[in-house]
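Accompanying notes for the structure given below.
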Amino acid sequence: MSDISKQAVAGFTDVAASYDSTIAAEVEKYCGMPYAEVLRRALDAAAVAPGDRVLDVGTGTGALALAVAGGTSAGRIVAIDPTRAMLEQAQQNAARANLAERVSLCCGSAEAFPFRDSSFDVVLTSMAMHHTDVRRTLGEMARVLRPGGRLAIADVSRNPRWKGLVGLLLRAAMAIYHLIATRSLAITRAELATYHQIFAKADWETMLKEAGFQSLGVTEFPHPTNSWFSGVVLVQAYRQG
Ligand SMILES: C[S@@+](CC[C@H](N)C(=O)[O-])C[C@H]1O[C@@H](n2cnc3c(N)ncnc32)[C@H](O)[C@@H]1O
C-alpha cells in the first residue's frame, strides 16, 4: 500500500467513530457541495442496472454502497476499504438499514484489489480516490471491471489557484482548520499527504486513457462561495474492450 493510503488508514482509524457525524458538514464546507448530493451524483453516474455486480471503493462507513443497495436492484455489491475501524461502522450502518445481507464488506486496498480480472460491471467511489495512489487505483479498477463496465468517481477537485508553494500553503491552512475541527493529528497528516493526488480535469482525462478507460465526461464543480477551496469532480467512464 502507498504511504498516502497508510497515512489514510491511521487517520481514519482515529476518526472512524465520529466520521458519520462530521462528514456532511466537512464536505459542504471544504468542497461546497452537500454530501448527499455528492453521493447522489456518483450513484446517478454509475447507472447501475438490475443484476449488476458493483464495487464501492474506499467505502468508509458504507454510505455509497448502502445507497446502491437501497436504491437499485444491483446483484452482488462489494464494498472495500483498508481501514477496519471504518468497516466496523459500515457494518453497523448496514445492519441498522437492514441491508447487511446485500453488501459484502471487504478489508483491502484499491491499489491491489483481492478480486479477479473482469469481476464487476460497475465500480464507483466517493471522496476516497485522493487517499490512494490514483494511477495505481485506476489501473486496478480497469483490471477488475469487465470490458464495457462503468466507472463513476466523485472526489475532491483541484483548485486552479493551487500552484507551487501557494497551493501547499493553502492545503496546509485547510489542514489546520481540519485539525481544529477534528482534533486528530493523524487525519490532518493524512489530508495533507493527499495534495499530489488531487487532480485537474485534463489530468483525469490523461490518466483515464492510460488506464484503458474511455471517458464519458469529467465535470468539475468549483466551490460556490470560496474561490481558494477545492470543489468536487465527477468522473464517468467505461472500460474499453
Ligand atoms: C473520506 S473517506 C470516504 C468514505 C466514503 N466513500 C464516503 O463517501 O463517505 C476515504 C476512505 O478512503 C479509504 N482509503 C484509503 N486508502 C485506501 C485504499 N488504498 N483503498 C481503498 N480505500 C482507501 C479510507 O480508509 C477512508 O475510509
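Going by numbering that gives the first Met the number 0, the letters in the sequence shown line up with residues 0 to 240, in that order. Heads up, the beta-carbon is just placed ideally off N, CA and C, and yes, glycines get one too.
Item                                                                         : Value
Contact test: Thr205 Cβ vs ligand 1 heavy atom, cutoff 7 Å                   : no
Spatial distance of Glu25 from Asp19 (CA atoms)                              : 11 Å
Closest residue to Thr21 among Cys105, Ser72, Arg182, Arg40 (Cα-Cα distance) : Arg182
Limits of the beta strand (DSSP E) - the one that Leu144 falls within        : 144-156
C-alpha distance - Arg257 paired with Gln91, whole-angstrom precision        : Nothing about residue 257 can be read from this structure; the chain reaches only from 0 to 240.
DSSP state of Asp2 mapped onto helix, strand, coil                           : helix
N- and C-terminal bounds of the beta strand (DSSP E) containing Leu164       : Run containing Leu164: none in the beta strand (DSSP E); it sits in the alpha helix (DSSP H), 163-181.
Residue(s) in a DSSP beta bridge with Glu219                                 : Val232
Local conformation of Arg39 per DSSP, three classes                          : helix
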